[in-house]
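Take a look at the structure set out below.
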Amino acid sequence: MKKIAFACDHAGYKTKQFLIKKLTEKGYNIKDFGTFSEESVDYPDFAHPMAEAVEAGDFDLGISLCGSGNGINMTANKHRGIRSALCWNIEISKLARLHNNANICALPARFVGEDEALEIVDVFLNTEFEGGRHQRRIEKIPIKK
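Residue numbers (numbering that gives the first Met the number 0): 0 to 144.
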């Protein structure tokens, strides 16, 4: 079963807890990089360690959450080996994996309900990268030095 890393800020805490419970029940191996309450925190403090672990190959994929999904998504994408996609519906989630080989799904916790978030994550985790012409494109994403 896939190994999944999670990270969130205070706005994503409740949805993260819901998702972890549901995915654990499905047999996924989960690591929670925090936060661990609804107390106000800074999302980079949790996004960076999670992104580093996904980038290192310690986890197959990552799921991140903050209020809009934008901040935690931007933070994760600072890592060279990360392709984090802001996923607010099922179709975007599917295309993020299928065409972009996204390895982190960023969710806008204040804009999607728990059940919708679970559907988005299920699609993300169960969609394989199509490769082909898309491989060439994702190889052009990192800045060459």
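All C-beta atoms in this analysis are idealised placements derived from N, C-alpha and C, irrespective of residue type, glycine included.
Cα separation between residue i and residue j?
| i | j | result |
| --- | --- | --- |
| N7 | S63 | Note on identity: in this sequence residue 7 is Cys, with Asn being the wrong assignment. Taking the straight line from one Cα to the other gives about 5 angstroms. |
| A50 | G61 | 7 angstroms |
| H9 | F110 | 14 angstroms |
| D59 | K1 | 6 angstroms |
| H133 | G68 | 24 angstroms |
| H78 | I142 | 12 angstroms |
| G26 | V122 | 16 angstroms |
| I137 | I91 | 17 angstroms |
| T34 | E129 | 33 angstroms |
| E24 | K144 | 44 angstroms |
| Y12 | P48 | 17 angstroms |
Shortest alpha-carbon distance to residue i belongs to which of the options?
| i | options | result |
| --- | --- | --- |
| I81 | H9, N100 and R136 | N100 |
| E37 | I140, S92, Q16 and A55 | Q16 |
| P107 | L85, T34, K2 and E138 | L85 |
| R135 | I19, H98, S39 and K25 | H98 |
| N88 | V120, G11 and K144 | V120 |
| V40 | K93, C65 and E129 | C65 |
| K20 | E113, G131 and E138 | E113 |
| D57 | G130, N76, F35 and N102 | N102 |
| L22 | N125, P48 and D44 | N125 |
Compute the distance between the beta-carbons of residue i and residue j, then report whether it is under 8 angstroms.
| i | j | result |
| --- | --- | --- |
| S83 | A105 | yes |
| I71 | A46 | yes |
| T74 | Y42 | yes |
| E127 | R96 | yes |
| F32 | A55 | no |
| L18 | L117 | yes |
For the alpha helix (DSSP H) containing residue i, list its first residue and its last residue.
| i | result |
| --- | --- |
| D31 | No alpha helix (DSSP H) contains D31, which is instead part of the beta strand (DSSP E) from N28 to D31. |
| E52 | Going by the sequence as given, residue 52 is Ala instead of Glu. That run of the alpha helix (DSSP H) goes P43 to E54. |
| I142 | Run containing I142: none; DSSP gives neither H nor E here. |
| E90 | I89 to L97 |
| E123 | It is worth fixing the name first, because residue 123 is Phe in this sequence and not Glu. Its alpha helix (DSSP H) spans residues E113 to N125. |
| A75 | N69 to A75 |
What are the partner residues of residue i, as DSSP defines its beta bridges?
| i | result |
| --- | --- |
| K13 | None, per the DSSP bridge assignment. |
| L22 | L22 pairs with nothing; no bridge assigned. |
| G61 | A4 and I103 |
Assuming residue i is part of the beta strand (DSSP E), what are its boundary residues?
| i | result |
| --- | --- |
| S83 | S83 to L85 |
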